[in-house]
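Worksheet for the structure shown next.
Residue numbers (the numbering used here): 874 to 1041.
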């Protein structure tokens, strides 16, 4: 199943280029954002598996946005991206809850997958993770449709199936 991705960067040229690259490599780019407010809105609407967030998001702090996206539960993982080296940012990246870091010139679906594989949760924790994700959305006051979409997506992962439907 392809990864659903949200791209967040203040450069529209980079967004277009990254979307073409990742789409060609099998990822599904579900949305784009050039600022924090748009990123939060788009993430809540499309519930991506992963958000790729630029550290230097114009006048905004991409690391702060990563923390907000993680806390909202609207995407499962956040990977920070930048043209800069990770060097001096290592501690701040870890503190914001991001799964990892990629230089923009090394961005690829394979590099994203490697970060996610390294952070993969053990199978016996999959159910607890799914419950935590849903509980976080409910506690944040998410719309019912968002909660039910998340329940279906998380159930599909726990059951290792292609999809799960929730009907009333």
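Ideal placement from N, C-alpha and C gives every residue a C-beta, glycine not left out.
query = When the Cα atoms are used, what is the spatial distance from residue 929 to residue 909?
reply = Looking at the backbone, the Cα of residue 929 and that of residue 909 are separated by about 11 Å.
request  = Tell me whether residue 951 is buried or exposed, calling it buried when 16 or more other Cβ atoms sit within 10 Å of its Cβ.
outcome  = A residue is called buried once 16 or more other Cβ atoms fall within 10 Å of its Cβ, and residue 951 is buried on that count.
ask   = For residue 1047 versus residue 966, is the C-beta distance shorter than 7 Å?
value = The structure shown does not extend to residue 1047, since the chain is modelled only from 874 to 1041, so the question has no answer here.
message = Please give the ranges of any beta strand (DSSP E) in the segment 963-1031, keeping only runs that are unbroken, at least 3 residues long and fully inside the region.
response = 973-976
query = Helix, strand or coil: how does DSSP classify residue 925 here?
reply = strand
ask   = When the distance is taken between beta carbons, is residue 1039 closer than 7 Å to residue 1018?
value = no
query = Under three-state DSSP, which class holds residue 958?
reply = Here DSSP, grouped into helix, strand and coil, assigns residue 958 to coil.
task = Kindly indicate which three-state DSSP category residue 1037 falls into: helix, strand or coil?
result = Judged by DSSP in its simplified three-state form, residue 1037 adopts coil rather than helix or strand.
key: Test item: CB-CB of residue 987 and residue 1006 under 7 Å   = no
task = Indicate whether residue 902 and residue 878 have their beta-carbon atoms separated by less than 7 Å.
result = yes
key: residue 898 in three-state terms, based on DSSP   = coil
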